[in-house]
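In the UniProt record's numbering, the protein residues as written are 1 to 279.
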Amino acid sequence: MIQYSYQNNLKEDMPMKLEKLQFVVEDGVGIITMNYMKNLNAIDDQMADELMYVVDTCENDPNVKVVVLKGMPKAFSAGGDIGYFYNLIQQGGEVNMDSLISKVGNVTDGLKRMSKLVISSVSGAAAGAGVSLAFSGDFVVCADNAKFIMAFVNLGLVPDTGGTYLFVKSLGIQKAMELCVTGRPMKAQEAKDAGMVYDVVPAEELDDTVMKLAKKFASGPLLSYKNIKKQIYQAGLADYKKYLDECEIPTQRECAASSDFIEGVKAFMEKRKAEFKGE
């Protein structure tokens, strides 16, 4: 097993200590584990930086033949760090998500572009940006307790990190509209029935199931897998990065500057129903 704990950042002269992720290579499988349960693996700037680094590392490390992206048993990822936004609002600061959204968009696009197969291993809740991150895998394997929540609308926001795009591509316009507008949870079995999830297994069998699949791929025709991914990206995702840059960032910027967003964050943290005014 190759274990990475202290590594170089994307800039070669700047070391990065992985604090919110673990990354090991086992039998050709690069295992990325989000393990910052203090905020349920919320994706903040540090998490995004670490994810960008390990995605780049996996692409360029010849020891990595297949990638597994996982969270912890309780939660895959809670999405954005709402507590951080709340504290910033309380202090009178401006919330600008452009940089963070751009970073995580680079992660999700990087996973889709990667020349190696990516398996998402999902246990517990994946919410907000965590949903988009999970569905950036080529194969999504879920514990039977997994659920996906496009919770952005509850904060007066729009889905980011490619969520709307990936839902429209996978589910069609009407189903994507329903899930994004209502923000209702989609359980693992529903996602499997819709074709978004490869397999659903008992929670205690998730790790073994994922590793068995990953090792099978690691011993398969890697050049074939690489070029199948390239074909599928060009056939179905060729405008993905353009969508992220030219549609997602500006639409989220407008929503994040609204009074509704401030109200949504306050209501969430204060455990009350939000009173939106559409402004």
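All C-beta atoms in this analysis are idealised placements derived from N, C-alpha and C, irrespective of residue type, glycine included.
Test item: CB-CB of residue i and residue j under 8 Å
i	j	result
V158	F152	yes
M34	V67	no
V55	L21	no
A214	V29	yes
G105	T161	yes
G79	G137	no
E263	E275	yes
L206	S121	yes
Presumed contact (8 Å Cβ cut-off) between residue i and residue j, rounded CB distance
i	j	result
G156	F261	4 Å
F217	L117	5 Å
A75	G124	4 Å
Q252	M150	That belief does not hold up - the Cβ atoms of Q252 and M150 are roughly 14 Å apart, past 8 Å.
Reduced DSSP secondary structure (H/G/I, E/B, other) of residue i
i	result
T161	coil
K266	helix
L40	coil
L21	strand
G278	coil
G30	strand
N9	At N9, the pLDDT of 37 sits below 50, so the modelled position is not reliable; the number obtained from the coordinates is stated separately. N9 falls in the coil class under three-state DSSP.
S115	coil
D260	helix
Contact set for residue i: own chain, Cβ-Cβ below 8 Å, skip 5 residues either direction
i	result
L237	K112, K169
D144	A188, Q189, V200, V201, P202, A203
N41	K20, M34, N35, M47, G71, M72, A75, F76, S77, A78, G130
Cβ-based neighbour list, residue i, same chain, cut-off 7 Å, excluding 5 preceding and 5 following
i	result
E190	none
Y102	A quick correction: the sequence has Ser, not Tyr, at residue 102. Within the same chain, S102 has close Cβ partners I249.
V181	V153
S259	K277, E279
L222	K65
6 Å Cβ shell around residue i - same chain, five flanking residues per side excluded
i	result
E12	Low confidence applies to E12: its pLDDT is 48, below 50, so where it sits in the model is not reliable, and the reading given next is rough at best. The answer is none, since no qualifying residue turns up.
Neighbour flag for residue i against chain D, beta carbons, 8 Å
i	result
D56	Absent from the structure is chain D; it holds one protein chain and no more.
Task: the stretch 157-174 in contact with the stretch 198-205 per 3-pair CB rule at 8 Å - done: Inter-segment contact for the stretch 157-174 and the stretch 198-205 is absent: fewer than three beta-carbon pairs are separated by less than 8 Å.
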